[in-house]
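Novice: I'd like to ask you about the structure that follows.
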Amino acid sequence: MTVHAGFATPGIATKQVPTQSPTSQLEELAKTVTVKVIRQDGVWGSGIIVQQQDSSYIVLTNEHVVKNGQLYTIEHHNGQKYQAQLLQTANFNGNDLALLKFESAASYEVASLKHSSSLKENEEVFMAGYPLDFKESDARGFSLRSGRITFLGMDRPLKGGYQLGTSHQIQKGMSGGPLLNSQGNVVGINGRHMPLWGPSCPYEYQDGSLACDAL
């Protein structure tokens with residue numbers, strides 16, 4: 024299982040995608056808004072272009088993706104790379120989220136965000152990102168995988184602000200990428216997958232109690 028942070032996220036404007044997208048179109052859309060977030064040590068995660076103002080773009084990712092980093096590079100699916108700045112002023116109240124900013128004269132698509140409360144249990148969703156393992160990815164390392172909602176915790180989030188669980192495991196490198204519904208709206212952000220070793224119940228609610236019975 025994979026846990027995801029839900030939307031709406033404070034401080035980020037949203038727009039809507041009005042029409043249903045077939046899977047092939049959804050994949051192309053996901054490629055345009057999903058970026059690779061590379062630290063100076065070469066380790067990477069994924070991110071989502073969520074805002075544009077003139078030539079400035081804002082990327083949403085996980086805090087653990089940018090942790091221990093000082094220099095960051097944003098790589099778009101088109102191969103273009105940009106130096107990025109971590110926005111220290113962003114305050115997500117302990118949730119596993121962070122914002123980066125990069126500058127580009129190019130015109131890039133901005134993700135359409137939708138509140139996670141619109142989701143239903145067992146609804147099909149899609150996880151996008153850039154896994155470290157390229158087996159299920161395209162020539163540039165992008166991967167889109169489908170799964171179903173298995174956990175809805177908007178009223179009682181897990182530690183890190185995680186509010187959603189899905190049936191499909193994401194791979195390392197996909198953290199920070201978008202969780203999309205079948206209409207192409209971003210309804211969450213990829214977080215952490217169930218570890219292969221370690222505690223039998225790695226997930227906790229924000230009050231410290233174990234959450235595995237609910238998952």
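Each step along the sequence shown adds one to the number in the working numbering, with nothing skipped, and position 120 is 143. No residue lacks a Cβ here, since even glycine has one placed at the ideal position from N, Cα and C.
For the pair the region 92-111 and the region 132-144, tell me if three or more CB-CB distances fall below 8 Å.
Specialist: Cβ pair count under 8 Å is below three, so no.
Novice: Between the C-alpha atoms of Lys143 and Thr173, what's the straight-line distance to the nearest angstrom?
Specialist: Approximately 9 Å between the Cα atoms of the pair.
Novice: I need the straight-line Cα distance from Gln206 to Ser47, nearest angstrom please.
Specialist: Whole-angstrom Cα-Cα distance: 12 Å.
Novice: To the nearest angstrom, how far is it from the Cα of Gly200 to the Cα of Val88?
Specialist: Those two C-alpha atoms are separated by around 10 Å.
Novice: One question on the structure: do Leu202 and Ala53 come within less than 8 Å of each other, judged by their Cβ atoms?
Specialist: Cβ atoms of Leu202 and Ala53: not closer than 8 Å.
Novice: Go through its chain and collect everything with a Cβ distance to Lys156's Cβ below 6 Å, but skip five positions before and after it.
Specialist: First, the amino acid is wrong: residue 156 is Asp here, not Lys. The residues are Gln194.
Novice: Which parts of the region 49-122 are runs of the alpha helix (DSSP H), unbroken and 4 residues or longer, counting only runs that do not cross its ends?
Specialist: Whole alpha helix (DSSP H) segments, 4+ residues: 86-89.
Novice: Looking at the secondary structure, which residues open and close the beta strand (DSSP E) in which Gln192 lies?
Specialist: Per DSSP, Gln192 belongs to no beta strand (DSSP E) and is neither H nor E.
Novice: For Ser169, which of helix, strand or coil comes out of DSSP?
Specialist: Strand, per DSSP.
Novice: Could you round the C-beta distance between Thr96 and Ala121 to whole angstroms and report it? I think they count as a contact, below 8 Å.
Specialist: So it is not a contact: roughly 15 Å between Cβ atoms.
Novice: Only counting the same chain, and skipping five residues up and downstream in sequence, which positions put a Cβ closer than 7 Å to that of Ile81?
Specialist: Only Val73, Gln74, Leu122, Lys124 meet the Cβ criterion.
Novice: Please report the distance separating the alpha-carbon of Lys59 from that of Pro154.
Specialist: C-alpha separation (whole angstroms): 10 Å.
Novice: Quick check on this structure: which residue in Asn213, Glu126, Phe115 has the alpha carbon closest to the alpha carbon of Asp77?
Specialist: If we check each option's Cα against that of Asp77, Glu126 comes out closest.
Novice: If you drop the 5 nearest sequence neighbours on each side, which residues of the same chain put their C-beta closer than 6 Å to that of Arg163?
Specialist: Excluding sequence neighbours, Arg163 sits near His100.
Novice: If we ignore side chains and look at the alpha-carbon of each, how far apart do Tyr131 and Gly211 end up?
Specialist: Cα to Cα, Tyr131 sits roughly 20 Å from Gly211.
Novice: Sort out for me which residues DSSP pairs Lys124 with in a bridge.
Specialist: In the DSSP output, where bridge partners are listed per residue, Lys124 has Ile81, Gln108.
Novice: Can you have a look at Asp119 and say buried or exposed, based on whether 16 or more other CB atoms are within 10 angstroms of its CB?
Specialist: Burial call: buried.
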